[in-house]
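Add 566 to a position in the sequence shown, counting from 1, and you land on the number used in the working numbering.
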Amino acid sequence: MALYCLPSFAFAAGTNFMNLYQFRYYSDTYNVPLRNLNVAFVVLQLFLFVGDPLLGWYTDTAQTRFGRRRPFIAIFGPLLMLIVFLGMYPIVDSSQLILTIWFGASYMLNNLVTLLYLSPYQALGIELTLDSRERNKLFGVTQTLYQLGVVVSTALPEALVYWASSRREVYMWFGAGAGVVGVATMLTLVFSVKERSDFSVETPTPLIPGMIRTLQNPAFGTLLITITFLNCQPYYLVILPYWVKYSLELDSFWQAAIMTTYMTGAFVFIPFWTWLAARVGKKRTYLLSM
């Protein structure tokens, strides 16, 4: 089961790198107007409002002779790493319109492909063991590697920009490095870890009845509220680099230092949350952490 945990590091390094720095990179380095980026961002959110439930349902009900989860990981994991690389290293930069389209396309594909990869990946982890203690350890290690990837992708690119002359070149090499590690660990997982046959579903639940059944679950309301607040964090992270650079007027080194300090908090507290979940249960721990 240790091989299951490894892709989370590169996944977090790549997606956090793009989510944290892409807005400011396009606006500051390529002079794309923020209004263009915001329009692309809003259009994407409207699309995801409809697309996310459909894609989530599809990944959970698809059946192939190679399994329910591993084909999605094998296809969309490497594709996601490629999207991160191209999103942070635009190969066409001839005009603001082209760059706006490039930004919008890469940002949209990043979110869509993340769902197509992440939903099966997380479901596979749940299905690997029926023992609650083993699951706690499995997801504790996975989350530790994830947060380590977040810390590295926050600190390293901006620290390297401080010493290097070209932000574009630094971002290219960081995106490529995260991509290589990601593809290697994802494909290792696919070919080394087997799915449990007892989790196979003969007749998948249709989309609408499945949504109605979910909404009738009393616990879903609490989960929906906490997830809604949790999903506000990425928008704060978009603003954070602007605040550090323009409000605090700090260079790249100190930008990296401040944002890394913020990100390190989650990494440091993972052992505590894992320990607490084993003592008082996952639900109470989850609500307390929210």
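We treat Cβ as the ideally placed atom computed from N, Cα and C, and that holds for glycine.
All values reported here derive from a predicted model rather than from experimental measurement.
Reference residue i, options the options, closest by Cα
i	options	result
L652	I639, I778, G741, L816	G741
L753	Q709, N702, M647	M647
A640	F757, K849, G831	F757
A744	K760, T771, G715	G715
A843	R699, A578, V609, A628	R699
V747	F835, L711, R779, L854	L711
I791	L853, W623, V605, R635	L853
V727	I664, T625, W820, Q688	W820
F613	L675, G633, I664, R601	L675
S685	T630, F786, Y624, Q629	Y624
Cβ neighbours of residue i in the same chain (closer than 7 angstroms, five flanking residues each side left out)
i	result
T751	L572, P573, A576
F642	V679, L682, Y683
F589	L603, V804
T851	W839, L842, A843
Y808	R590
W668	P656, V658
Delimiting residues of the alpha helix (DSSP H) encompassing residue i
i	result
K849	848–855
Y683	662–693
W729	698–729
R733	733–758
Y570	568–571
Cβ-based neighbour list, residue i, same chain, cut-off 8 angstroms, excluding 5 preceding and 5 following
i	result
L806	L586, M825, Y828
R762	E693, L694
Y905	Since the first and last residues shown for the chain are 567 and 856, residue 905 lies out of range.
V609	G670
Pairwise C-alpha distance: residue j and residue i
i	j	result
S732	P723	11 angstroms
V718	F583	9 angstroms
L789	A730	44 angstroms
G670	V846	43 angstroms
L696	L816	49 angstroms
S672	V650	8 angstroms
A568	D594	41 angstroms
A823	R701	34 angstroms
R635	L663	38 angstroms
G776	P784	15 angstroms
Beta-carbon contacts of residue i that lie in its chain and below 6 angstroms, excluding the five residues immediately before and after
i	result
A578	Y712, G715, V716
For this session: Let me know the alpha helix (DSSP H) ranges lying completely inside the stretch 583–660, each 4 residues or longer, listed in chain order.
Result: 600–627, 636–653
Problem set entry | Whole alpha helix (DSSP H) elements within the stretch 795–842, 4-residue minimum | 799–808
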